[in-house]
Amino acid sequence: GESVGLHLPTLSVQEGDNSIINCAYSNSASDYFIWYKQESGKGPQFIIDIRSNMDKRQGQRVTVLLNKTVKHLSLQIAATQPGDSAVYFCAEKRAAGNKLTFGGGTRVLVKP
Amino acid sequence: DAGVTQSPTHLIKTRGQQVTLRCSPKSGHDTVSWYQQALGQGPQFIFQYYEEEERQRGNFPDRFSGHQFPNYSSELNVNALLLGDSALYLCASSLGHLNEKLFFGSGTQLSVL
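So the sequence lines, in the order shown, correspond to chains A and B. Under this note's numbering, the first residue of the first sequence is numbered 2, with each subsequent residue one higher. Under this note's numbering, the first residue of the second sequence is numbered 2, with each subsequent residue one higher.
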């Protein structure tokens, strides 16, 4: 079936460097994408979202890029901090309803 | 402004038993969705409740059922528990059943022995 997936299960990054987390999706009908951060023992926390009519959106220290041609989504975190250590999930939504389909997650480890 | 709250935080049950999990949505939200998150995996959609009715359902058996109350809070019931039901059960709320921006609670960790 169609799914959202991630290329790298674990990303190790030096504090202060930029992080890039990648996500591939296969459902061309998806019109909304969202990134969540999940720390140990907590629920997913909203980071940033983007609609399919956009290719880039920026937040505080984060940028999401959407390439619909190759069905690819990425999350860039600038100046990664120890507090950014967590598992990051991308999720997609099809046109109807608000059900989100999540990928498997990427663990980001920030080295001091 | 209270966020999404879930209870209990942890629960241990044995196979064949029934369980009820509870969720109060974020203040001002009227839609509740439930997700199951197995260890090391992303959350999987179970169902969504809006206006006290199940509006969408994921690929879960009828053993999984729910309810939404007039105050928008919700319950998830699982009957005839299996070992494979062990997971983190997440509740998410939104303002409107078409609003994709979901706010999640910290979940209920269910262990089935």
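Just so you know, even glycine gets a beta-carbon here, dropped at the ideal spot from N, CA and C.
Contact list for residue i against chain A, beta-carbon separation under 8 Å
{"i": "B:R56", "result": "G98"}
{"i": "B:S95", "result": "N99"}
{"i": "B:G106", "result": "G44"}
{"i": "B:P26", "result": "Under the 8 Å cutoff, chain A gives no residues; its nearest Cβ is about 13 Å from B:P26."}
{"i": "B:F46", "result": "K100, L101 and T102"}
{"i": "B:H98", "result": "G98 and N99"}
{"i": "B:L111", "result": "Near B:L111 there are no residues of chain A at all, since even the closest Cβ is about 14 Å away, more than 8 Å."}
Whether residue i touches residue j by CB criterion (9 Å)
{"i": "A:L110", "j": "A:S86", "result": "yes"}
{"i": "A:E16", "j": "A:Q82", "result": "yes"}
{"i": "B:G29", "j": "B:L91", "result": "no"}
{"i": "A:F47", "j": "A:E93", "result": "no"}
{"i": "B:Q110", "j": "A:F103", "result": "no"}
{"i": "A:A25", "j": "A:L74", "result": "yes"}
{"i": "A:N99", "j": "B:Q57", "result": "yes"}
{"i": "A:I51", "j": "A:V63", "result": "no"}
{"i": "A:F90", "j": "B:G43", "result": "yes"}
{"i": "B:V20", "j": "B:K27", "result": "no"}
{"i": "B:E76", "j": "B:L22", "result": "yes"}
With 16 other Cβ atoms within 10 Å as the buried cut-off, status of residue i
{"i": "B:D86", "result": "buried"}
{"i": "A:V71", "result": "exposed"}
{"i": "B:T151", "result": "One cannot answer for residue 151 of chain B here, as it falls past the ends of chain B, which runs 2 to 114."}
{"i": "A:K38", "result": "buried"}
{"i": "B:E53", "result": "exposed"}
{"i": "A:A97", "result": "exposed"}
{"i": "A:I22", "result": "buried"}
{"i": "A:H8", "result": "Because the pLDDT at A:H8 is just 48, under 50, the model does not fix this residue reliably, and the point stays unresolved."}
{"i": "A:L101", "result": "buried"}
{"i": "B:H11", "result": "exposed"}
{"i": "A:P45", "result": "buried"}
Contact set for residue i: own chain, Cβ-Cβ below 8 Å, skip 5 residues either direction
{"i": "B:E55", "result": "F48, Q49 and G67"}
{"i": "B:A119", "result": "In the structure displayed, chain B extends from 2 to 114; residue 119 of chain B sits before or after that span and is not available."}
Cβ separation of residue i and residue j, assumed to be a contact under 8 Å, to the nearest whole Å
{"i": "B:A193", "j": "B:A39", "result": "There is no way to answer for residue 193 of chain B, as the model of chain B reaches only from 2 to 114."}
{"i": "A:A79", "j": "A:N19", "result": "5 Å"}
{"i": "A:G60", "j": "A:V88", "result": "That belief does not hold up - the Cβ atoms of A:G60 and A:V88 are roughly 19 Å apart, past 8 Å."}
{"i": "A:R108", "j": "A:A30", "result": "Going by Cβ atoms, the distance from A:R108 to A:A30 rounds to 29 Å, so no, they are not a contact pair."}
Under 7 Å by beta carbon: chain A residues contacting residue i
{"i": "B:P62", "result": "Here the premise fails: no neighbours, minimum Cβ distance about 17 Å."}
{"i": "B:Q37", "result": "Under the 7 Å cutoff, chain A gives no residues; its nearest Cβ is about 11 Å from B:Q37."}
Sequence-distant residues of its chain with Cβ nearer than 6 Å to residue i (five each side left out)
{"i": "B:Y51", "result": "T32 and H98"}
{"i": "A:S53", "result": "D32"}
{"i": "B:S25", "result": "T6 and S74"}
{"i": "A:R58", "result": "I51 and V65"}
{"i": "A:S13", "result": "L110"}
Partners in chain B for residue i, counting only beta-carbon separations shorter than 8 Å
{"i": "A:Y26", "result": "By Cβ distance, chain B contributes nothing, its closest Cβ being about 13 Å from A:Y26, past 8 Å."}
{"i": "A:K94", "result": "E101"}
{"i": "A:Y33", "result": "E101"}
{"i": "A:D50", "result": "E101 and K102"}
Residue i: contacting residues in chain B (beta-carbon distance under 9 Å)
{"i": "A:G106", "result": "G41, Q42 and G43"}
Under 9 Å from the C-beta of residue i: neighbouring residues of chain A
{"i": "B:G59", "result": "K100"}
{"i": "B:Q49", "result": "G98, N99 and K100"}
{"i": "B:L91", "result": "G44 and P45"}
Cβ shell of residue i (< 7 Å), same chain only, five flanking positions each side left out
{"i": "B:Q16", "result": "Looking at the sequence provided, one finds Arg at residue 16 of chain B rather than Gln. Contacts found: L82, L83, L84 and V113."}
{"i": "B:R64", "result": "V79, N80 and A81"}
{"i": "A:M55", "result": "L67"}
{"i": "B:P9", "result": "T109"}
{"i": "B:Q18", "result": "L82"}
{"i": "B:F61", "result": "I47"}
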